[in-house]
Amino acid sequence: MIPAAYPQLRLDATVLDRNIRIMADWCKTHDVVLAPHVKTTMSAPIIERQIAAGAVGVTVATVDQAATVLGWGHDTVLVANQIVDPFGLARLRALLAAEPERRIRCFVDSVAGIAAAKQVFGAHGPALEVLLDIGTPGGRTGIRDPEQARRAAELVRAAPGLRLVGVAGYEGVAPNTRTDETLAAVDEHCRRVRDVYLDVAGLFETDRPVYSMGGSAFPDRVVEFLPTEDDVPGTIRLLRSGCYVTHDHGVYDRVSAIPGLASALAVRAVVVSAAEDGTAVVGAGKRDLPYDTETPILLSASTAAGQDKPDVHGRVRALYDHHTVLSDARNLEVTDVVEFGISHPCSAFDRWPEYLITNHHGDVIDVWRTDFRRSSIDTVLSESARGRGAAHER
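Residue numbers (the numbering used here): 6 to 399.
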């Protein structure tokens, strides 16, 4: 056993490995490949397991995250985001120039964004491979109009230093529910992305174009609208699912259509106060527990000596920085250890620079670390210098 202070983020390695196998098998069955969105965990050991199970690369959200996973040795990276600032684009160029075998791709969705990339990537040096991002009305990024998508594809095709290699969408902007209304909206978005992909296929600058969707909440709907080999020969049908790897006790547990996934995550903390009848205050709060979609769920409790306590109850009434107040508390006493299930794992790991790995008995067997750090100026300057050197050598 590895001793650790409370509160604790705990990851069940047995459940983690089972989730990875389940998702890998599901992808094979549905003839898609996976580049998992590793912003969920930003943990090297987890990403290594995903790659070993057949993932063809990784997806990230920022240039910093791209630099981190490149540093871990993963050379195929999709930045599922627009990179439009000169500094960020220059970093991508330096990262590509430093290692010619790297493949770093990102999204574009505007004339201004294409122009910004063209300013940094020119006729000489590495090219930036981009995917058109197709969005939904009222959603976040992404082109809304098919005609604008066609025009953007033509602009990329004409831009020295840019290469159009595919089309992407994100179906998760709809509410994460399985109502008829939500599923209809998801289907409509998937259909729209496929239509754009087929329309611009003649402009792709690769014989292995990429059709990419998110796939965490609605992968079953995504695979219903995939382009086929007959539609566009050589198509890589790529999902970017990330939350499957640990799953959760909340939103993804309700909406996921992939059988067998289970939550591998929990947070343990100690009851530190019970000053009022029916109330228990736990020593973990907003700094420790995600709450952006739903508040944590009380799963179980044990005594300080480790004996399971039956018939415990409590619901989260309030979250403070380092405290959670449970109301309707039953059979909870000061020094008891409680375990919370969480919703939305993407906002769990970034609170923890390190976390505990447990076996199927719940024994702590290892400590793993996350890396959500933003790169220092020294690191960026070093990347830039390496990129200039590599470009000069060529």
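Using N, Cα and C, we set each Cβ at its ideal position, and we do this for glycine too.
Computed from a predicted model, the values in this text were never measured in an experiment.
CB-CB length for residue i against residue j, believed under 8 Å
| i | j | result |
| --- | --- | --- |
| V43 | V65 | 6 Å |
| L244 | I27 | Not a contact, Cβ separation roughly 14 Å. |
| G239 | C351 | Rounded, the Cβ-Cβ distance is 32 Å, inconsistent with contact. |
| E159 | L208 | 7 Å |
| S261 | A206 | Actually they are not in contact, since the Cβ atoms of S261 and A206 sit about 31 Å apart, beyond 8 Å. |
Proximity winner among the options, relative to residue i (alpha-carbon distances)
| i | options | result |
| --- | --- | --- |
| A122 | A58, E338, R96 | R96 |
| D297 | A309, T375, A179, S348 | S348 |
| H254 | V172, E359, A310, F345 | F345 |
| D225 | A10, A9, C32 | C32 |
| V68 | G177, A206, V116, A85 | A85 |
| V191 | S305, G220, V161 | G220 |
| A473 | V343, I241, T233 | Only positions 6 to 399 of the chain appear in this structure, which leaves residue 473 out of reach. |
| D36 | F230, E152, E338, H79 | F230 |
| D80 | P105, S332, I88 | P105 |
| H328 | E299, V276, A58 | V276 |
| A102 | A132, A120, R156, V205 | A132 |
| L203 | W373, L100, P232, G367 | P232 |
| I302 | V317, V205, G78, A60 | V317 |
| V82 | T184, I51, K314, P41 | P41 |
DSSP bridge partner residues for residue i (one or two, in chain order)
| i | result |
| --- | --- |
| Y360 | W373 |
| I241 | V215 |
| C111 | V84, V135 |
| E344 | R273, S305 |
| V330 | V286, A323 |
| G247 | In the DSSP output, where bridge partners are listed per residue, G247 has none listed. |
| R15 | A271, L361 |
| G171 | L136, V215 |
| R335 | H318 |
| T64 | H42, L83 |
| I148 | I139 |
| D313 | S307 |
Same chain, Cβ closer than 7 Å to residue i, five either side skipped, listed in chain order
| i | result |
| --- | --- |
| P12 | V272, R273, A274, G288, A289, D293 |
| A269 | L16, D17, V20, L21, N24, T251, H252 |
| L136 | R110, F112, V170, G171, V172, A173, V215, S217 |
| D326 | G290, K291, R292 |
| R149 | G140, P142 |
| R197 | I139 |
| L188 | R226 |
| G283 | S332, D333, A334 |
Local Cβ density within 10 Å of residue i, reported as buried at 16 or more and exposed below that
| i | result |
| --- | --- |
| D17 | buried |
| P91 | exposed |
| A10 | exposed |
| A353 | buried |
| E176 | buried |
| R124 | According to the sequence provided, residue 124 is Gln. The question's Arg does not apply to it. Exposed, because fewer than 16 other Cβ atoms sit within 10 Å of the Cβ of Q124. |
| T46 | buried |
| V178 | buried |
| T340 | exposed |
Contact set for residue i: own chain, Cβ-Cβ below 6 Å, skip 5 residues either direction
| i | result |
| --- | --- |
| L14 | V272, W357, Y360 |
| V369 | M6, I7, L361, T363 |
| R379 | D69 |
| V330 | V286, R322, A323 |
Contact set for residue i: own chain, Cβ-Cβ below 8 Å, skip 5 residues either direction
| i | result |
| --- | --- |
| R54 | L21, D22, I25 |
| R199 | Y216, F230, L231, P232 |
| A157 | V113, D114, S115, V116, I119, L137, I148 |
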